[in-house]
Each structure stands twice: as C-alpha cells, then as structure tokens.
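J.: I have a structure I would like to understand better, so I am pasting it below and will then ask my questions one at a time.
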C-alpha cells in the first residue's frame, strides 16, 4: 500500500507529516500543485521531501476543476487549457528539482476527472491515479460547518479499521491532506503515527506509488 499526500494552498501539517514519516522509516508519495511549489513558505518542505527520499509528482498547476460535480462527463475545461496546466505543473516540479523521468503518475485536482481528461493526461505522459474507494481518509478536508458532509477523524478512522478488518487494504492508496481549512480543528494528520503503527503491526508494507504500481 502507499500513503499519499496532496498539497495546494494549505500546508500547516506538512512538517508533522514529514517528521512522522521519517520517524517510522516510511517513504511517502507527495502530489503537489504548481501553486504549492511556487509558494515561498512551502519550498523548505519540498526540499525536505526530496532530501528524505520521498516520491513527488503533480496535482495540476492551478488546481483547476475539470468537470462538473453533478456529472463528471460534463467538461469545464478545453483540452488545450488542461494540457497547458499540466505542462506548467511539470515545469514547476522540474524547477523544484524533481526529475522528469519519475513524473509518470499524478492525482487530478480535487481527485476528480473523467475518461477524456485521463486520455489527455496520458498523452502528456501522466497516468491518472487516485485514492482507493471504500475508505474515507480523503474526507479529512471537511469541517463542521459543512453539516452532514463533515467527518471527524474518529469517524474516518473507525471507517478505515472496520473496512480493513472486513476486506483488507492490500494495494490501497490512502490519501491524507497535508493542510486543511482552519475551521477543521480535528486534523487527521495528527493521527499519522498511529495509522502507520497499526498498519505495520498488521503486516502491511508501505511503499511509494511507483513501487506499488510497478
């Protein structure tokens, strides 16, 4: 399985995430937007990701929404603007020191895509990947003011471990956001040490995305 982390305009948990991964001897997979890479305050985190041997790839350049929330096949972007955004993201990644040959996978912005955007990304040399359905760790961006959409860390973790007990998590991509809205006080990344410890105790090997998908 792989632990994956996305970064765009928020990054308050990144230092804690990196410290936890280092403490546990785990290599993470970080999917970063161009905006993240260009933010001066985030650049030290990117340098640490590289120096610690983590795998880094893209998450679009400007974190654009490519298709309608109500019907994912309804495109909100044209191919040329989508490709330009991806290429700008790749340029920013290379500028940060990421080697082009390792940029073979990316997570679409908002973890939202359709068959056309998957093909467009493939033409640029990027395979679209996403968190594995069934678990709810990616809902760690929600906050109480969202009402019924909000999931606490306790609810997310209860779902994770009950799913694992019933089906297992072999081959899963588990997504956690490095930064979330200030209105969410209950940050899932505070539980990363415990998550890693439990997964290791159950015998799972935690690898980066290229190793998982090779």
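In my numbering, the protein residues as written are 205 to 418.
Cβ atoms here follow ideal geometry from the backbone N, Cα and C, with glycine treated the same way.
Based on Cα-Cα distance, which residue from 299, 266 and 314 lies nearest to residue 379?
T.: 314
J.: Could you tell me if residue 369 is buried or exposed, where buried requires 16 or more neighbouring beta carbons within 10 angstroms of its beta carbon?
T.: Counting C-beta atoms within 10 angstroms of its own C-beta, residue 369 has fewer than 16 neighbours from the protein chains shown and is therefore classed as exposed.
J.: Report buried or exposed for residue 283, applying the criterion of at least 16 other Cβ atoms within 10 angstroms of its Cβ.
T.: exposed
J.: Measure the CB-CB distance between residue 206 and residue 412 and report whether it falls below 8 Å.
T.: yes
J.: Under the three-state reduction of DSSP, which class applies to residue 335: helix, strand or coil?
T.: coil
J.: Would you call the stretch 316-332 in contact with the stretch 265-277, where contact means no fewer than 3 C-beta pairs closer than 8 Å?
T.: yes
J.: Just to confirm my understanding: we take residue 328, look at its own chain, exclude 5 residues before and 5 after, and list those with CB closer than 8 Å. What are they?
T.: 287, 290, 291 and 294
J.: So what does DSSP say about residue 313, is it helix, strand or coil?
T.: helix
J.: Exposed or buried, residue 358, counting other C-beta atoms within 10 Å across all chains shown (16 or more means buried)?
T.: Within 10 angstroms of the beta-carbon of residue 358 lie fewer than 16 other beta-carbons, which makes it exposed.
J.: Would you mind stating whether residue 301 and residue 355 have Cβ atoms separated by less than 8 Å?
T.: no
J.: Given a cut-off of 8 Å, decide if residue 238 and residue 213 are closer than it, judged by their beta-carbon atoms.
T.: no
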